[in-house]
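Everything below concerns the one structure shown next.
In the numbering used here, the protein residues as written are 269 to 582.
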């Protein structure tokens, strides 16, 4: 995973490809046209791009209005602001009428770490996941983001798609498969531990899985869960029933995200003890994404230690 590519770049490129393919789309930003790569679309289709300034509520309302005329609309700003400042507009004026608006939420997780707690989004999935009619998606890399944007651009569905900021590890390729509500099995080498990961932190989960297998001989299953809502019920029941320990890994608060979504399924369908690797319920410090991932226990080495402790491997 030495190659790095930006998920924001994938978004901008996918937008342009959709427009070239004839999708009647519009892109609406909140002073984020440049930072979220909407400029890629603007250079060729300037009449399809709108910027509302630093006004996320207006951005969602303009998006809803455009969608009500039949357009496919991509509303794009930072995760912390789209999930909180414009929450009422997203809930009442997009999801309630089921309008075809896709919220592309950049700088998810620790991506905005250097800008501090005001810009970091560690609660966003928990906030938006409870809104009816909203599909919540966390791509894991450049190729996943591009495939997901192309998919949702061709399907009428309100969405919240959480992407990153800086170039991140490339995991997949052009053959990446996406279907809402379906997980992807990446490693299936045994039944000692099952790992469920979502979003950009998947790269750390893969590093940890390889070390656990190569150095400690653990047989494991690793699945990517790109859709947090809806989750893949069948995949969760299968991995819970075929592994001794089950671990979730996410760049999000321990409350409301992947861990919560997994437990909501298993506690009802197949009671299973689930061990979370997530950010504790507290405000975090400022720092680079790499620094914060290490400090708050999400790095591959921390995941290895967490799982070693479950098996008392020293």
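Cβ atoms here follow ideal geometry from the backbone N, Cα and C, with glycine treated the same way. For clarity, every value in this text was computed on a predicted model and none was experimentally measured.
Would you check if the region 522-533 and the region 344-355 touch, i.e. whether three or more CB-CB distances between them fall below 8 Å? Three or more Cβ pairs closer than 8 Å define a contact, and the region 344-355 falls short of that threshold against the region 522-533.
Residue 468 versus 512, 456, 450 and 438, residue with shortest Cα-Cα distance: Out of 512, 456, 450 and 438, the CA that lies nearest to the CA of residue 468 is found in 438.
What's the gap between the Cα of residue 477 and the Cα of residue 558? Rounded to whole angstroms, residue 477 to residue 558 spans 19 Å at the Cα level.
Should the region 504-515 be regarded as contacting the region 413-427, the criterion being three or more beta carbon pairs within less than 8 Å? no
With the cut-off set at 8 Å, would you say residue 441 and residue 419 are in Cβ contact? no
Got a sec, what are the start and stop residues for the beta strand (DSSP E) residue 460 sits in? Segment: none, residue 460 is in no beta strand (DSSP E) and carries neither H nor E.
Looking at the structure shown, is residue 352 part of a helix, part of a strand, or coil, going by DSSP? helix
Between which residues of its own chain and residue 568 is the CB-CB distance below 6 Å, once the five residues before and five after are set aside? 472, 475 and 476
Taking buried to mean at least 16 other C-beta atoms within 10 Å of its own C-beta, is residue 492 buried or exposed? buried
Mind checking which residues open and close the beta strand (DSSP E) that includes residue 374? Run containing residue 374: 369-374, per the beta strand (DSSP E) assignment.
Per DSSP, cross-strand counterpart(s) of residue 428: 371 and 404
I want to know whether the region 333-346 touches the region 287-298 - three or more CB-CB distances under 8 Å. yes
Can you look up residue 542 in the DSSP assignment and give me helix, strand or coil? strand
Residue 574 in three-state terms, based on DSSP: In this structure, residue 574 counts as helix in the three-state DSSP scheme.
Which of helix, strand or coil DSSP assigns to residue 452: Note: residue 452 maps to strand in three-state DSSP.
Since I believe residue 555 is in contact with residue 382 (beta carbons under 8 Å), could you give me their beta-carbon distance rounded to a whole number of angstroms? With a Cβ gap of about 7 Å, residue 382 and residue 555 count as contacting.
How many Å lie between residue 282 and residue 451 at the Cα? 22 Å
Comparing C-alpha positions only, which one of 274, 464, 505 and 301 sits nearest to residue 318? For residue 318, the nearest C-alpha among the options comes from 301.
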